[in-house]
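Asker:
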Amino acid sequence: MSPWFLRMISYTVFENGNDLGLLGWLMVRSGLREPQPPVGHKPDEPFAGVPRVGHFWLSAHLASAVLLYSLFLWGSMDHLAKHPPVKPFAALKSLKILAHSSKALTFTTLVFGAFVAGLDAGLVYNSWPKMADRWIPTDLISPQYGSALSNLVNNPTGVQFVHRVLAYSTVAVATALWVSVMRVGVAQTGPRIRNAAHLVLASVWGQSALGVLTLLHYVPVSLGVMHQGGSLVLFSTLLWFTHCLRAVPK
0 MSPWFLRMIS YTVFENGNDL GLLGWLMVRS GLREPQPPVG HKPDEPFAGV PRVGHFWLSA
60 HLASAVLLYS LFLWGSMDHL AKHPPVKPFA ALKSLKILAH SSKALTFTTL VFGAFVAGLD
120 AGLVYNSWPK MADRWIPTDL ISPQYGSALS NLVNNPTGVQ FVHRVLAYST VAVATALWVS
180 VMRVGVAQTG PRIRNAAHLV LASVWGQSAL GVLTLLHYVP VSLGVMHQGG SLVLFSTLLW
240 FTHCLRAVPK
């Protein structure tokens, strides 16, 4: 292992580890306050609250961890993966756009998954594909949570709805990526890019199926953990696909 690679890893661990630790402390600190009743709770109703960490800090902590993991994975692929050369082809630019879009959507969906976990939003509607026989639930925008934007990040119904929309978008774009690779053909892309596209397709559909199962079974811990792990597997396959594209000269 080269000295440069060791220095890069050490610097990354130090800088991002500090950030991750700080966010973790802030996340835990947010759960040490006296639990507050939910929006709309009436003063004369009993309330037995359980301390919970803030969903914004939870998502920030998760996002930071995923970014740190991504840096490690990308650096390892740079150091260890030697891609066979592939001649330039016309669809390269569109494949890169689809790959980057898939990564962005996957990451955003993952972050909103932390919102879902932090607000127990996975328990408000446990039907699929509709939400209580409606595509758009009646309580999506509630005046109790203020503005429409506030509803989408604080209202459990709004958070689950956004998570669903992001998940559908991720599946659509990642599937379009696979279709585009298949249309180009293995003679131009080479087997490694094609196989990476197969991994992306299997991961995105497996993750979506796991998400539906988790929802329909009222989010048991086992399925919830598997669903969160599945998002990391999907993000990893997209990083691998993007790295494989680097074998094609610009």
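Numbering-wise, the sequence shown is residues 0 to 249 according to numbering that gives the first Met the number 0.
A virtual CB, placed ideally from N, CA and C, is assigned to each residue, including glycine.
1) Using DSSP with H/G/I as helix, E/B as strand and the rest coil, what is M130?
2) Would you kindly work out how many angstroms separate the C-alpha atoms of D119 and P155, rounded to a whole number?
3) Grab me the residues of C243's own chain with a C-beta within less than 7 Å of its C-beta, minus the 5 sequence neighbours each way, in chain order.
4) Quick check on the burial criterion: 16 or more other C-beta atoms within 10 angstroms. Buried or exposed for T137?
5) Taking the alpha carbon of L238 as the point to measure from, which residue in V178, S179, S202 has its own alpha carbon closest?
6) Using CA atoms only, rank isn't needed, just tell me which of L151, V170, L198, A59 is closest to V211.
7) Can you tell me where the alpha helix (DSSP H) with V178 in it begins and where it stops?
8) In whole angstroms, give me the CA-to-CA distance for V178 and P142.
9) Could you pull the start and end residues of the alpha helix (DSSP H) that Q227 belongs to?
10) Between V185 and the rest of its own chain, which residues show a CB-CB distance below 6 Å, the 5 nearest in sequence each way excluded?
11) Just confirm the distance between the C-beta atoms of T188 and V85, as a whole number of angstroms; I'd bet it's less than 8 Å.
12) Would you kindly work out how many angstroms separate the C-alpha atoms of A217 and H60, rounded to a whole number?
13) According to DSSP, is S146 part of a helix, a strand, or is it coil?
14) Using the Cβ count rule (16 or more neighbours within 10 Å means buried), how would you classify G205?
15) Roughly how many angstroms lie between the CA atoms of P128 and L148, to the nearest whole one?
16) May I ask you to report which of helix, strand or coil DSSP gives P190?
17) W252: buried (16+ other C-beta within 10 angstroms of its C-beta) or exposed?
Answerer: Based on what the coordinates show:
1) coil
2) 7 Å
3) H82, R191, I192, A195
4) exposed
5) S202
6) V170
7) 155-183
8) 43 Å
9) 220-244
10) R193
11) 7 Å
12) According to the sequence shown, residue 217 is Tyr rather than Ala. One C-alpha to the other measures close to 24 Å.
13) coil
14) exposed
15) 24 Å
16) helix
17) Lying before the first or after the last residue shown, residue 252 is absent from the chain, which here runs from 0 to 249.
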